[in-house]
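J.: Just so you know, we're using the working numbering here: the sequence shown kicks off at 9 and counts up by one.
Just so you know, even glycine gets a beta-carbon here, dropped at the ideal spot from N, CA and C.
Submitted below is the structure of interest, expressed as structure tokens.
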Amino acid sequence: MATLFTSPLRIPLNVDERFVRASGPGGQNVNKVATAVELRFDIDNSGLPEGLKSRLKALAGRKALTDGVLMIDSREHRTQARNRAAARERLVDLIQRASIPPKKRTPTALTKAAKERRLAGKKHHAEIKKARSTRLERDE
Numbered sequence: 009m010a011t012l013f014t015s016p017l018r019i020p021l022n023v024d025e026r027f028v029r030a031s032g033p034g035g036q037n038v039n040k041v042a043t044a045v046e047l048r049f050d051i052d053n054s055g056l057p058e059g060l061k062s063r064l065k066a067l068a069g070r071k072a073l074t075d076g077v078l079m080i081d082s083r084e085h086r087t088q089a090r091n092r093a094a095a096r097e098r099l100v101d102l103i104q105r106a107s108i109p110p111k112k113r114t115p116t117a118l119t120k121a122a123k124e125r126r127l128a129g130k131k132h133h134a135e136i137k138k139a140r141s142t143r144l145e146r147d148e
């Protein structure tokens, strides 16, 4: 099994590739040669860490099928080899983006002045509403 090397991560290339006929430029060649590539990468059975697997599934969106398989379709080039390379590049790019863990959010506390402004605003709004109700009672 071949592996692609990225900085801290070894990506196993246990992918299934299926070649299908593509539409688009290519003339009569389009009708004869299967140049489009459907690359399938089994996320669940890969040797990737669990956190990376879940981020990869989230990042993949609709490309991740229900059975934990990531499907990348490449049909923008006229040759099978270039479509294959493009699909693999997209897979590596997705895995590299998923390998960056999200930053931990540090909650910040409101300042005392901000709390006072919020409470003053609420009080002002309540007074406006209270004035409306007394005005309605007088009009009736």
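1. Counting Cβ pairs closer than 8 Å, one from the segment 130 to 142 and one from the segment 80 to 87, do we hit at least three?
2. Given a cut-off of 8 Å, decide if R113 and E25 are closer than it, judged by their beta-carbon atoms.
3. Considering just the uninterrupted stretch of the beta strand (DSSP E) at L99, what are its terminal residues?
4. In angstroms, rounded to a whole number, what distance separates the CA positions of A68 and P57?
5. With DSSP as the reference, label L118 as helix, strand or coil.
6. For P110 and T116, what's the separation of their Cα atoms in angstroms?
7. Using alpha carbons as the reference points, say which of K130, F27 and K65 lies closest to Q104.
8. So for F13, helix, strand or coil by DSSP?
9. Can you tell which of S62, E124 and R90 has the C-alpha that lies nearest to the C-alpha of L102?
10. Excluding five sequence neighbours on each side, which residues of the same chain lie with their C-beta closer than 7 Å to the C-beta of K123?
T.: The short version:
1. The answer is no - the segment 80 to 87 does not touch the segment 130 to 142, with fewer than three Cβ pairs under 8 Å.
2. no
3. Element bounds for L99: not the beta strand (DSSP E) but the alpha helix (DSSP H), Q88 to A106.
4. 16 Å
5. coil
6. 18 Å
7. When each option's Cα is compared against that of Q104, the closest is K65.
8. For F13, the predicted structure reports a pLDDT of 47, less than 50, and the residue's modelled location is therefore unreliable. The matter cannot be settled from this model.
9. S62
10. none
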